[in-house]
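Residue numbers for the sequence shown follow this note's numbering, so the first one is 296 and each next one is one higher. Cβ coordinates follow ideal geometry from the N, Cα and C atoms, glycine included.
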Amino acid sequence: MSVQRRLLPNISALAAFEAVARLGSFTAAAQELDLTQGAVSRQISLLEDQFGRRLFERDSRNVRLSTAGEIYAEAVRSALGQLRDAALGLMSNRHSGILNLAILPTFGTRWLMPMIPNFVESNPDITINFVTRVGRFDFARERLDAAIHYGLPDWPDADSTLLVRETVAPVVSPEFLAGRAIATPSDIGRLPLLHMTTRPGAWTEWFEHQGLSAPTGPGMQFEQFGTAAQACMAGLGVALLPLLLIAGELQRGQLVPAPGQPMQSRSAYYLVIPHDKRGYPPVASFRDWLLGQLEKEPAVLAW
296 MSVQRRLLPN
306 ISALAAFEAV
316 ARLGSFTAAA
326 QELDLTQGAV
336 SRQISLLEDQ
346 FGRRLFERDS
356 RNVRLSTAGE
366 IYAEAVRSAL
376 GQLRDAALGL
386 MSNRHSGILN
396 LAILPTFGTR
406 WLMPMIPNFV
416 ESNPDITINF
426 VTRVGRFDFA
436 RERLDAAIHY
446 GLPDWPDADS
456 TLLVRETVAP
466 VVSPEFLAGR
476 AIATPSDIGR
486 LPLLHMTTRP
496 GAWTEWFEHQ
506 GLSAPTGPGM
516 QFEQFGTAAQ
526 ACMAGLGVAL
536 LPLLLIAGEL
546 QRGQLVPAPG
556 QPMQSRSAYY
566 LVIPHDKRGY
576 PPVASFRDWL
586 LGQLEKEPAV
596 LAW
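Shown next, in the form of structure tokens:
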């Protein structure tokens with residue numbers, strides 16, 4: 296057998312290996328694949344014989360990946376995922392490809408999604424799939440082509456294109472403001488503050504920007520800006536929110552500014568593209584379209 300052929304295992308064996316690695320059981324893998332346990336075991340044996348390496352450690356009660364098996368399992372998961380994506384593209388007759396994009400929860404919902412119908416209309420042969428991710432991740436392992444990221448342009452092995460800079464400001468509901476004496480930024484420090492778990496130092500930075508010491512009392516914690524905005528509108532306290540993401544609430548008067556100067560965040564929103572995806576047509580099309588949209592409609596909101 297040639298070296299090239301020896302390095303290309305049977306797809307059925309790979310599927311059996313991936314299922315056992317994921318489920319940790321030959322029996323569960325057999326049920327998922329609609330095979331007998333013996334058939335799954337034979338597929339695994341074929342792989343181990345082919346490579347001359349043990350992929351699983353077995354005893355009378357358990358089965359677990361060997362060290363070599365753990366390394367191989369990551370590559371197999373990625374390869375099978377790419378094959379599934381390619382098959383979906385062919386079956387859907389979407390010849391221009393599939394774009395798997397990671398977005399931030401509130402930013403994606405409030406800023407990006409209203410524009411996406413234009414992208415779909417302009418690029419009917421591209422299927423765009425969305426997943427929510429906060430923070431960095433492994434593009435290859437997650438099988439993602441690009442990401443909308445909040446932070447600094449320092450993602451390893453990737454190009455970061457600036458989309459929008461962010462300005463944050465303290466806001467409250469009109470009812471909350473009307474019932475309290477809030478005349479200066481120092482007054483805010485005596486009120487309930489709503490905090491974002493993803494930006495634990497935001498309030499401290501804002502108070503320092505006003506020339507004040509930040510209060511040390513506790514406050515409600517939120518994971519997403521959308522939830523924090525809802526809590527703020529319900530009168531639970533003062534929230535430090537990106538103006539870009541609450542433009543609708545400000546225009547409708549559901550939220551109003553509290554005293555104090557807005558502050559530009561050190562971080563910004565970027566389109567991040569891993570180096571190995573720069574030449575992928577759907578990614579290039581999305582990048583060009585998105586930058587074109589930003590030229591037409593500047594997205595920075597000011598007081």
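- Considered as a whole, the stretch 331-405 harbours 351-353, 358-360, 393-398 as its complete beta strand (DSSP E) runs of no fewer than 3 residues, in chain order.
- For G446, the enclosing beta strand (DSSP E) begins and ends at 441-446.
- Here D583 carries a helix assignment [DSSP, helix/strand/coil].
- Contact between L328 and A310 holds: CB atoms are separated by about 7 Å, below the 8 Å threshold.
- Of all C-beta pairs linking the stretch 524-544 to the stretch 417-424, fewer than three are shorter than 8 Å, placing the two stretches out of contact.
- DSSP places L328 in the uninterrupted alpha helix (DSSP H) bounded by 321-328.
- In the structure shown, the three-state DSSP call for L488 is strand.
- The beta-bridge partner set that DSSP reports for Q559 consists of T462.
- Per DSSP, Q549 lies in no beta strand (DSSP E) segment and is marked neither H nor E.
- Under the 8 Å Cβ criterion, the stretch 512-522 counts as touching the stretch 491-503, having at least three qualifying pairs.
- In the DSSP assignment, I411 falls within the unbroken alpha helix (DSSP H) covering 411-417.
- Where A534 is concerned, the enclosing beta strand (DSSP E) starts and stops at 533-537.
- If you draw a straight line from the Cα of L539 to the Cα of R356, it is about 56 Å long.
- A check of alpha carbon separations from V335 across D344, A529, T322 identifies T322 as the nearest.
- Contact check for Q559 and T462: beta-carbon distance about 5 Å, within the 8 Å limit, so the pair qualifies.
- DSSP lists no bridge partner for V315.
- Distance from the Cα of R460 is smallest, within the candidate group G474, F312, Y565, for Y565.
- At the C-beta level, L350 and G364 come within 7 Å of one another.
- According to the DSSP secondary-structure assignment, L457 is paired through a beta bridge with Y565.
- T427 is classed as exposed because its beta carbon has fewer than 16 other beta carbons within 10 Å across all chains shown.
- Exposure of H570 is indicated by the presence of fewer than 16 other C-beta atoms within 10 angstroms of its C-beta.
- With fewer than 16 other beta carbons inside 10 angstroms of its own, K591 counts as exposed.
- Remark: three or more beta-carbon pairs, one from each stretch, lie closer than 8 Å, so the stretch 473-490 and the stretch 504-513 are flagged as touching.
- Per the C-alpha coordinates, the member of A478, Y445, G347 positioned closest to F432 is Y445.
- DSSP places Q516 in the strand class (E or B) of the three-state scheme.
- The straight-line gap separating the alpha-carbon atoms of A435 and A441 is approximately 11 Å.
- Here V426 carries a strand assignment [DSSP, helix/strand/coil].
- By the Cβ-count criterion, G474 is exposed, with fewer than 16 other Cβ atoms from all chains shown falling within 10 Å of its own Cβ.
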